[in-house]
Amino acid sequence: MSVNIKSIVYAGCPFFLRPLLERIEASPLGYRLARGAFWSLSGAISARGLGLLASILVARFLGKVGFGELGIIQSTLGMFGTFAGFGLGMTATKFIAQYRTTDPSKAGRIRAISSAFAWVSSGITSVILFFMAPWLAEHTLAAPQLSGLLQIGSLYLLITAINGAQIGALSGFEAFKTVAKISLWSGLANFPLMVGGVYLAGLSGAVWGMTIAAGINWFLNHIAIRKECAEAGVPYTFTGCWIERPVLWKFALPALVSGLFIAPTEWALNAMLVNQPDGYGQMGLFNAAKQWHLIILYLPSMLATTTLPILSNLLGENKKRQYNKMVIANSVLLSGIALVIAVPVSIFARTIMSVYGKGFSEGWLVLVVVAVYSVFWAANIIIGQALWSTGASVTAMILGAVRALVLLFTFAFLVPSTAYGMALANTIAIVLQTFYQGIITIKSTNRFFLAQEQTSL
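Position one of the sequence shown corresponds to residue 1 (my numbering), numbered consecutively onward.
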């Protein structure tokens, strides 16, 4: 932190927390984490607040059914985005963090191949979506009128998939201050584009608005990565990057496959929901509640962006004690933050949902259940990152498949085919995943450090 920022933090810190603040500052690891967390949070609150306000205004303009249509469009783009992203964001984060100090040339090549392959995978996927859109809209979403909007969304898909690789690279550099600034500016751009778009052109205006905002995000990320590479002494070139292609199938591919079990499953459940009576109305309720899932998870998710690169760096330096302390402390911290936000959201659920407009207040119980599973989700973020940081990509892929099967089975056979049932199915799946992934992560971490110790002997 700069001197000015540090003085502000100390001035606003209660006296009984001063010793803790001093301990954090004295600890190199604690300071790295605190610095990353501070800058991640600085851009998070305003950006997410604007995003929430935009979603409320968009919902009031579109109504419950229209907001449900926007939700299924976003879900479809998210499903295709899993293919387009190809796990390259996580790949860039892990390997740039691991090699940026010990082997800058290798870090530069991995950044390059991640970027290049992001363009290829996202371009191919976007073209596929563009031509599949009419069939998807008519035969799986029961809404032929959404065909053109999905085709517009294919451009959004292209841009956001590349953004994922860019943000992964910036996180690998631990450029959290930069990411925070970009998040803030992107949020400021997204608000007028989304709200103005839906006001002028309805649902198509909303889709165009979020696409243009994604383009602004890409431009800012592009400038930032070149700057971080220059400052870190990491070459910004594509020359020789093909030599690093093993990371594509050893790490990126398992990351992709892991995501493939989740995103298509969630999209399939959404498609099942919209095909029910009042399906798009129910989707509107779930989409509104899910905005608060994102709110509850926003601070934990932003803090978590500081964790994977640091964990990967600690692994590279074989610092087992610091690694374990960080995993435990962050799991408690993130779930605690989520709980603090989830409790008032649950208490005021009926009021919150009514703000979205006519017919939304009936979904208050959906919001309560969403708040519950968001807390478990927050704890699971760090557990999952710890597993990925050890390179146990195949294990993580299998766990993703198990969660997807639990989610699909629960929604299809155990709960009602409503927005409430969707929230309940997600809760059951994430609770089970948190416990079994936690046990497996502990075993995987112990094996990794044992192997490191045996290698050093």
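Glycine included, each C-beta is placed from N, C-alpha and C at the ideal position.
Between G108, H139, Y199, G281, which has its C-alpha nearest A230's C-alpha?
Indexing the sequence shown from 1 puts residue 230 at position 230. The option with the nearest alpha carbon to A230 is G108.
Check N270 in the structure and name its three-state DSSP category.
To locate residue 270, count along the sequence shown from 1; it is residue 270. Looking at N270 - three-state DSSP - the assignment turns out to be helix.
Could you tell me if F448 is buried or exposed, where buried requires 16 or more neighbouring beta carbons within 10 angstroms of its beta carbon?
Position 448 of the sequence shown, counting from 1, holds the residue named residue 448. Buried, because 16 or more other Cβ atoms sit within 10 Å of the Cβ of F448.
Less than 8 Å between the CB atoms is what I'm expecting for S126 and L170, so what's the real figure, rounded?
Residue mapping note: residue 126 aligns to position 126 of the sequence shown, counting from 1. Residue mapping note: residue 170 aligns to position 170 of the sequence shown, counting from 1. Going by Cβ atoms, the distance from S126 to L170 rounds to 23 Å, so no, they are not a contact pair.
The alpha helix (DSSP H) that contains E174, what's its start and end?
Sequence index remark: in the sequence shown, residue 174 carries index 174 (1-based). No alpha helix (DSSP H) contains E174, which DSSP labels as neither H nor E.
Using the Cα positions of A451 and A263, report the straight-line distance between them to the nearest angstrom.
By 1-based counting over the sequence shown, the position of residue 451 is 451. By 1-based counting over the sequence shown, the position of residue 263 is 263. Between A451 and A263, the C-alpha separation is close to 34 Å.
So, V375 versus L339, is the Cβ gap smaller than 7 Å?
Taking the sequence shown and counting its residues from 1, one reaches residue 375 at position 375. Taking the sequence shown and counting its residues from 1, one reaches residue 339 at position 339. Result yes, Cβ atoms of V375 and L339 sit closer than 7 Å.
By the DSSP assignment, the alpha helix (DSSP H) with I352 in it spans what residues?
Numbered from its first residue, the sequence shown carries residue 352 at position 352. I352 -> alpha helix (DSSP H) spans 349 to 354.
Put A142 into one of helix, strand or coil per three-state DSSP.
As a working mapping, residue 142 is identified with position 142 in the sequence shown. Correct three-state label for A142: coil.
Taking DSSP as the reference, what is the three-state secondary structure of Y236?
Position 236 of the sequence shown, counting from 1, holds the residue named residue 236. Of the three classes helix, strand and coil, the one that applies to Y236 here is coil, per DSSP.
By Cβ distance, which residues of its chain are closer than 7 Å to S55, with the 5 residues on each side in sequence left out?
Here residue 55 refers to the residue found at position 55 of the sequence shown. Excluding residues within five positions, the ones whose Cβ falls inside 7 Å are Q291.
Would you mind sorting Q145 into buried or exposed? The rule is 16 or more other CB atoms within 10 Å of its CB.
By one-based count along the sequence shown, residue 145 stands at place 145. Flag for Q145 reads exposed.
Answer yes if the segment 98 to 108 comes into contact with the segment 292 to 299, meaning at least three C-beta pairs across the two stretches below 8 Å, and no otherwise.
With a cut-off of 8 Å, the segment 98 to 108 and the segment 292 to 299 do not count as touching, because too few Cβ pairs lie within range.
Helix, strand or coil for S115 per DSSP?
The sequence position of residue 115 within the sequence shown is 115, counting from 1. It is helical.
With DSSP run on the structure shown, which of helix, strand or coil describes P192?
Translated into the one-based positions of the sequence shown, residue 192 becomes position 192. Note: P192 maps to helix in three-state DSSP.
Hey, how far is the Cα of V9 from the Cα of A180?
Position 9 of the sequence shown, counted from the start, is the residue given in the question as residue 9. Position 180 of the sequence shown, counted from the start, is the residue given in the question as residue 180. Caution is warranted here: a pLDDT of 48 is assigned to V9, below 50, making its placement in the model unreliable, and the coordinate value is therefore given only provisionally. Each residue's Cα considered, the two are about 18 Å apart.
Any contact between the segment 366 to 384 and the segment 419 to 432? By contact I mean 3 or more CB pairs, one from each, below 8 Å.
Touching, yes.
Spatial neighbours of I442 within its chain, please: C-beta separation below 7 Å, excluding the five flanking residues on both sides.
In the sequence shown, residue 442 corresponds to position 442, counting from 1. Cβ neighbours of I442 beyond the five flanking positions: none.
Run the proximity test for L314: is its beta-carbon closer than 6 Å to any non-hydrogen atom belonging to the ligand GDP?
Of the ligands one can find in the structure shown there are none, so the ligand GDP has no counterpart to examine.
If you follow the alpha helix (DSSP H) that T410 is part of, which residue opens it and which one closes it?
One-based indexing of the sequence shown puts residue 410 at position 410. From DSSP, T410 is part of no alpha helix (DSSP H); its letter is neither H nor E.
Between A189, T410, S122, M283, which lies nearest to W208 when the distance is taken from Cα to Cα?
Locating residue 208 in the sequence shown gives position 208, where the first residue counts as 1. The residue with the shortest Cα to Cα distance from W208 is A189.
Given a cut-off of 7 Å, decide if S147 and A161 are closer than it, judged by their beta-carbon atoms.
Sequence index remark: in the sequence shown, residue 161 carries index 161 (1-based). Sequence index remark: in the sequence shown, residue 147 carries index 147 (1-based). No, these two residues do not count as a Cβ contact at 7 Å.
Closest to F261 by CA distance: which of M79, F130, S301, T445 is it?
As a position in the sequence shown, residue 261 is number 261, starting the count at 1. Nearest option by C-alpha distance: M79.
Could you tell me whether any Cβ in chain D is nearer than 7 Å to the Cβ of S354?
Reference to chain D is not applicable here, since this structure consists of a single protein chain.
Do the segment 318 to 328 and the segment 235 to 250 meet, that is, are 3 or more Cβ pairs less than 8 Å apart?
Not touching, per the Cβ criterion.
How many Å lie between I225 and A92 at the Cα?
Your numbering for residue 225 matches position 225 in the sequence shown. Your numbering for residue 92 matches position 92 in the sequence shown. I225 and A92: Cα-Cα distance of roughly 12 Å.
If you draw a straight line from the C-alpha of L405 to the C-alpha of Y436, how long is it?
On the sequence shown, residue 405 is found 405 positions in, with the first residue counted as 1. On the sequence shown, residue 436 is found 436 positions in, with the first residue counted as 1. The alpha-carbon atoms of L405 and Y436 are separated by roughly 14 Å.
How far does the alpha helix (DSSP H) with P300 in it extend, from its first residue to its last?
Taking the sequence shown and counting its residues from 1, the one referred to as residue 300 is at position 300. Run containing P300: 279 to 304, per the alpha helix (DSSP H) assignment.
Taking only the alpha-carbon atoms, compute the straight-line gap between E266 and L407 and give it to the nearest angstrom.
Reading the sequence shown from its first residue, position 266 is the one you call residue 266. Reading the sequence shown from its first residue, position 407 is the one you call residue 407. Their backbone Cα atoms lie some 8 Å apart in a straight line.
Within its chain, find whatever has a CB closer than 8 Å to the CB of I337; leave out the 5 residues flanking it on each side and keep chain order.
Locating residue 337 in the sequence shown gives position 337, where the first residue counts as 1. L299, P300, L303, A378, listed in sequence order.
Please give the ranges of any beta strand (DSSP E) in the segment 63 to 109, keeping only runs that are unbroken, at least 3 residues long and fully inside the region.
Fully enclosed beta strand (DSSP E) runs of 3 or longer: not present.
Straight-line CA distance for I128 to T395?
Translated into positions along the sequence shown, residue 128 becomes position 128. Translated into positions along the sequence shown, residue 395 becomes position 395. Spanning the two alpha carbons is a distance of roughly 30 Å.
Does the Cβ-Cβ distance between W119 and N163 come in under 7 Å?
Walking along the sequence shown from the start, residue 119 turns up at place 119. Walking along the sequence shown from the start, residue 163 turns up at place 163. Taking 7 Å as the Cβ cut-off, W119 and N163 do not qualify as a contacting pair.
Determine the burial state of T351: buried for a count of at least 16 other Cβ atoms within 10 Å of its Cβ, exposed for fewer.
Here residue 351 corresponds to residue number 351 of the sequence shown, with the count starting at 1. It counts as exposed.
Output the distance between the C-alpha atoms of M194 and I113, rounded to the nearest integer angstrom.
Along the sequence shown, one-based indexing puts residue 194 at 194. Along the sequence shown, one-based indexing puts residue 113 at 113. Looking at the two C-alpha atoms, the distance is approximately 33 Å.
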